[in-house]
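What follows is a set of notes on a single structure, which appears directly below.
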Amino acid sequence: MSCELYDTLEAIAVQRRKVAIEVNCRGGATSTRVASIRDLYTQGGVEYALLDSGEVVRLDAVAAVDGVDVAQIR
7 MSCELYDTLE
17 AIAVQRRKVA
27 IEVNCRGGAT
37 STRVASIRDL
47 YTQGGVEYAL
57 LDSGEVVRLD
67 AVAAVDGVDV
77 AQIR
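Residue numbering for the sequence shown follows our numbering, beginning at 7 and increasing consecutively.
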C-alpha cells in the first residue's frame, strides 16, 4: 500500500467522515461499505481499518475509496 493511500485513509479517520469503501472479495466480486474509519492498525505485518460498524477490513483488499480507485492514489 502506498504511503499516500494510507495518509488519505488516516485523514478520513481523523475527520470521522463516512466514505464508501469498496473491498475486493473472494471470487473477484467486490462489496461496498459506507462507514467511517475508527482506527488504522497493523497486526502480524498486515494493515487493517476498524470501521464504525465494528467490521475490520484488510487495507490490501480495499479497491476504491469514495469511488476513487486505490491504484490512482499513489
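For every residue, glycine included, the Cβ atom is placed at its ideal position computed from N, Cα and C.
A Cβ-Cβ separation of about 22 Å leaves Ala77 out of contact with Leu57 under the 8 Å criterion. Thr48 is bridged by DSSP to Glu53. Of the candidates Val29, Gly34, Ala19, Val29 places its Cα closest to the Cα of Arg64. Scanning the segment 19-44 for uninterrupted alpha helix (DSSP H) segments of 4 residues or longer gives nothing; none is fully contained. If you check the CB distance, Asp75 and Ala67 do not come in under 8 Å. In this structure, Ile79 sits away from Ile43, with a CB-CB distance that is not shorter than 8 Å. Excluding the 5 residues flanking it on each side, Ser37 has same chain C-beta neighbours closer than 8 Å at Glu28, Val29, Cys31, in chain order.
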